[in-house]
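Contents: one structure, followed by commentary.
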Amino acid sequence: MGDTTEKIEVLSVKFNQDQGCFSCGTSTGFRIYNCDPFQETFRREFDNGGIGQVEMLFRCNILALSGGGHNPKYPPNKVMIWDDHQNRDIGELSFRSEVRAVRLRRDRVVVVLEHKVYVYNFADLKLLHQIETLANPRGLCALSPNAAYLTLACPGLHKGEVRVELYESKRTKFIAAHESPLACLALSLDGALLATASEKGTILRVFNTADGTKLRELRRGADPANIFSLAFSPDAEFVASSSDKGTVHVYVLSASGAHRDAPTTPPLSADARTPPPKNQGSSLSFMKGFLPQYFSSEWSFAQFRLPEDTPQAIVAFGKTNNTLVIVGTNGTFFKCSFDLNKGGECKQESFCKFIKQEEKE
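15 is the number of the first residue of the sequence shown in the numbering used here; add one for each residue after it.
Next comes the structure, spelled out in structure tokens:
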């Protein structure tokens, strides 16, 4: 008999809405993993093609799938709503162009095409809203998962602009976030904060979605970088980024006090003498306004350096504020922790290769 082995290719990795799980689309199906403790929850293997995108709905049995790879299971212009209890498709959305991304929450399905974003009611897949965007090949779109607040962020019609839809208050905000084209964006769980990065990748910015004000400007580095992911901690006290430079950065946001429903006076800890964590700054930052912006930037509070053979990775926060979970498209999983008082280099807590050089017979 001839050799019929086939290497499994990872097509995508993505965290769910609460960052407690992640999905992995492969050339033969999809898999779902729990982050802490790390374990495979389930997998589906198909004989007839690959799954390019897997969007979870928290931890329930409903997922949104789209085809991918050299032999996609579904056409690239379709989104399939998959019920894993029934092991079949229960809904379908078709478009005239390729689907770039899908976002879910309990009451909405959002589909991102290169020049449009479509918002549907989840219960009956009725179209509620369509938004025109600048060319969006990365499928940039963020959707707040908090049931009390419905906020959506996507590219606007101008370079570097973010459009924020505040559906609860029926308002639209346009934020001129960067001079260069957008590369990445993320919302906090309640949709009150927006983090952005441009294709230049040296500066990250954090905005208040309610009024569009810039709250923080954070420096990733001096050299251009491709930002792969941005993530807020559940309480929006930190934001993290990953890029092609191989270093995951963590920044402190707690002093901004901008997250929704934040108390007017922060509660004091038992030891009120312990100063809150702060991002690093240049030793010349006291000359802010006289020196180039580089010297007055806020640098990251903590860092984790990935192995050089990690091609692309996404980051999220773990169960506690001082832990990160990082997933690479080469099938690697890292959990690390950082000192909440000192920051600095993160400590690797665990590592797993969840897609080995497996072979499909």
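We put the beta carbon where it would ideally sit given N, CA and C, even for glycine.
Expressed to the nearest angstrom, what Euclidean distance is found between the alpha-carbon atoms of residue i and residue j?
i    : j    : result
E23  : T42  : 8 Å
S323 : R185 : The amino acid occupying residue 323 in the given sequence is Asp; Ser does not appear at that position. Roughly 44 Å separates the two Cα atoms.
K130 : P159 : 21 Å
P280 : N335 : Per-residue confidence for P280 stands at a pLDDT of 41, beneath the threshold of 50, marking its modelled position as unreliable; no derived number is given.
L282 : C350 : Confidence is the limiting factor: at L282 the pLDDT is only 35, short of 50, which leaves the residue's position unreliable and the question unanswerable from this model.
V223 : A206 : It is worth fixing the name first, because residue 223 is Thr in this sequence and not Val. Straight-line Cα distance between these residues: approximately 5 Å.
L171 : Q144 : 14 Å
R219 : L196 : 11 Å
E175 : R230 : 17 Å
A162 : K21  : 44 Å
P151 : V93  : 17 Å
N75  : A236 : 44 Å
E69  : G358 : 33 Å
L354 : T337 : 10 Å
F347 : S26  : 14 Å
K214 : R233 : 12 Å
K228 : L166 : 18 Å
K367 : D98  : 25 Å
D121 : Q317 : 36 Å
F36  : A137 : 24 Å
Mapping DSSP to helix, strand and coil, what is residue i?
i    : result
S402 : A query on residue 402 cannot be resolved here, the shown segment of the chain reaching from 15 to 375 and no further.
S256 : strand
S243 : strand
S202 : coil
F268 : The amino acid occupying residue 268 in the given sequence is Ser; Phe does not appear at that position. In this structure, S268 counts as helix in the three-state DSSP scheme.
D249 : coil
G66  : strand
N355 : coil
P134 : The displayed chain sequence assigns Tyr, not Pro, to residue 134. Note: Y134 maps to strand in three-state DSSP.
A224 : coil
A190 : strand
E363 : strand
N335 : coil
T343 : coil
G170 : coil
I145 : strand
Exposed or buried, what is residue i when buried is set at 16 or more other beta-carbons lying within 10 Å of its beta-carbon?
i    : result
C360 : buried
I95  : buried
A149 : exposed
N30  : buried
F252 : buried
R177 : buried
V245 : In the sequence as displayed, the identity of residue 245 is Ala instead of Val. With 16 or more other Cβ atoms within 10 Å, it is buried.
H84  : exposed
F56  : exposed
P169 : buried
K356 : exposed
Which same chain residues end up closer than 8 Å to residue i when comparing Cβ atoms and leaving out the 5 residues on each side of it in sequence?
i    : result
D258 : A239, N240, F242 and Q326
In chain order, what residues of the same chain have a beta carbon less than 6 Å from the beta carbon of residue i, not counting five sequence neighbours either side?
i    : result
G34  : C49
K187 : V178 and G226
Within the same chain, show all residues whose beta-carbon is closer than 7 Å to that of residue i, passing over the 5 residues directly before and after it, in chain order.
i    : result
R319 : G260 and T261
L141 : Y132 and Y134
N62  : K87
G378 : Outside the displayed span of the chain (15 to 375) sits residue 378, for which this structure offers no information.
* If you scan the region 75-114 from start to end, which runs of the beta strand (DSSP E) of 3 or more residues do you find wholly inside it? -> The DSSP assignment places 76-82, 92-97 and 102-108 as complete runs of the beta strand (DSSP E) inside the region 75-114, in order along the chain (cut-off: 3 residues).
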